[in-house]
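Whatever position you read off the sequence shown (first residue = 1), add 2 for this note's numbering. We put the beta carbon where it would ideally sit given N, CA and C, even for glycine. Owing to the predicted nature of the structure, the values given are computational and were not obtained by experimental measurement.
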Amino acid sequence: TSVYVLPPIEYPGPDPPAGHYIKIGGGANEFFERDRWADTVGDLEVWMASAGDASVADYLRDVLVSLMPTTTFLSLISKPCVTTCTDDGELQCDVLGGGTVIAVGGCQGKAAGPADAIGKDVGEEVVARL
Numbered sequence: 003t004s005v006y007v008l009p010p011i012e013y014p015g016p017d018p019p020a021g022h023y024i025k026i027g028g029g030a031n032e033f034f035e036r037d038r039w040a041d042t043v044g045d046l047e048v049w050m051a052s053a054g055d056a057s058v059a060d061y062l063r064d065v066l067v068s069l070m071p072t073t074t075f076l077s078l079i080s081k082p083c084v085t086t087c088t089d090d091g092e093l094q095c096d097v098l099g100g101g102t103v104i105a106v107g108g109c110q111g112k113a114a115g116p117a118d119a120i121g122k123d124v125g126e127e128v129v130a131r132l
């Protein structure tokens with residue numbers, strides 16, 4: 003299993019609480035088969051409301067502690083994650099909800115590192131649609 007670790011990132015809160023966090027991720031990528039897409043929304047709602055996979059969280063905690071053995075972590079928080087992919091490998095932005103929501107997907111499992119750049123692209127998309 004491969005993992006990624008990002009340098010400390012400031013989160014504004016409230017969830018997780020405001021502060022600097024080191025993000026580590028990895029684990030199995032389980033994809034919804036096309037014949038199950040009708041179930042996807044309900045499955046994702048349940049998954050995103052959970053604390054994620056406890057065994058993956060334990061594994062990632064062990065990896066983080068082994069990479070930074072002299073660091074005292076004030077807390078460890080597990081959050082679920084979703085990988086979105088597109089057939090052409092391109093980031094997708096779309097307006098939903100009568101123009102009140104911009105949905106972003108197709109990050110191909112690589113959104114954590116370039117999150118600021120993705121946010122800039124999405125911001126430009128929002129401005130272009132105003």
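For residue i, which of helix, strand or coil comes out of DSSP?
i, result
"residue 89", "coil"
"residue 117", "helix"
"residue 69", "helix"
"residue 111", "coil"
"residue 55", "coil"
"residue 98", "strand"
"residue 122", "helix"
"residue 129", "helix"
Within 10 angstroms of the Cβ of residue i, are there 16 or more other Cβ atoms? Answer buried if so, exposed if not.
i, result
"residue 132", "exposed"
"residue 56", "exposed"
"residue 105", "exposed"
Which residues does DSSP list as the beta-bridge partners of residue i?
i, result
"residue 13", "21"
"residue 6", "27"
"residue 106", "95"
Taking the straight line between their C-alpha atoms, what separation do you get for residue i and residue j?
i, j, result
"residue 117", "residue 74", "26 Å"
"residue 113", "residue 6", "11 Å"
"residue 25", "residue 127", "27 Å"
"residue 71", "residue 62", "14 Å"
I'd like to check one pair, residue j with residue i: are the Cβ atoms closer than 8 Å?
i, j, result
"residue 88", "residue 108", "yes"
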